[in-house]
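Peer 1:
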Amino acid sequence: MSPELVAGRLAVELDQQLVEAGEQAAYDANVHGIHPELIKLIGRMKYRTSYGQNIYYHSKEVAWLAGIMAAELKLDVQLAKRGGLLHDVGKVLTHTHEGTHVELGVEVATRYGEH
165 MSPELVAGRL AVELDQQLVE AGEQAAYDAN VHGIHPELIK LIGRMKYRTS
215 YGQNIYYHSK EVAWLAGIMA AELKLDVQLA KRGGLLHDVG KVLTHTHEGT
265 HVELGVEVAT RYGEH
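Quick note: the sequence shown, position 15, residue 179 per my numbering, numbers continuous.
#1: Please check the pair A273 and L250, which I expect to be a contact at CB under 8 Å, by giving their CB distance rounded to whole angstroms.
#2: Does the distance from the CB of K224 to the CB of A189 come in under 7 Å?
#3: Just reading off the alpha helix (DSSP H) that Y191 is part of, what are its end residues?
#4: Name the two residues that bound the continuous alpha helix (DSSP H) containing E225.
#5: Per the DSSP calculation, T213 is bridged to which residue(s)?
#6: For G263, which of helix, strand or coil comes out of DSSP?
#7: Between Q181 and I203, what straight-line distance do the alpha-carbon atoms span, to the nearest angstrom?
#8: For H199 and L229, I'd like the C-alpha separation in whole angstroms.
#9: At what residues does the alpha helix (DSSP H) containing A241 begin and finish?
Structural data, given as structure tokens:
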């Protein structure tokens with residue numbers, strides 16, 4: 165099997181794993197209707213750390229905590245969970261794009277219909 169074919173198959177497999185991880189995070193956080201490109205970025209968080217903490221697990225935990233706090237304050241629980249899950253999505257773009265993770269996160273979220 166040629167190296168190009170192997171690389172192509174691995175790229176397809178990794179893409180599938182990213183989508184599955186993103187979908188699992190959205191499911192775990194009970195957040196629905198996220199654009200497929202954002203789902204992939206959430207999946208990419210599984211392979212990134214920030215200050216020694218895995219961004220994927222951190223973001224799922226933030227979604228959970230944000231939902232609890234919103235419920236206690238009688239605010240929009242789903243919106244809080246969604247924001248918590250997506251709050252660090254820009255960190256997966258910092259090594260390939262110019263800007264801070266906040267700027268990149270806002271840009272990509274806006275592009276895919278998040279407010």
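We put the CB at the ideal spot given by N, CA and C, even for glycine.
Peer 2: Straight from the coordinates:
#1: Yes, A273 and L250 are in contact; Cβ-Cβ is about 6 Å, under 8 Å.
#2: At a Cβ-Cβ threshold of 7 Å, K224 and A189 count as neighbours.
#3: For Y191, the uninterrupted alpha helix (DSSP H) run begins and ends at P167 to A193, by DSSP.
#4: E225 -> alpha helix (DSSP H) spans I219 to E236.
#5: Paired residue(s): N218.
#6: Here G263 sits in coil by DSSP.
#7: In a straight line, the C-alpha of Q181 is about 11 Å away from that of I203.
#8: Cα-Cα distance, rounded: 23 Å.
#9: Residue identity check: residue 241 is Val in the sequence provided, not Ala. Start and end: V241 to L250.
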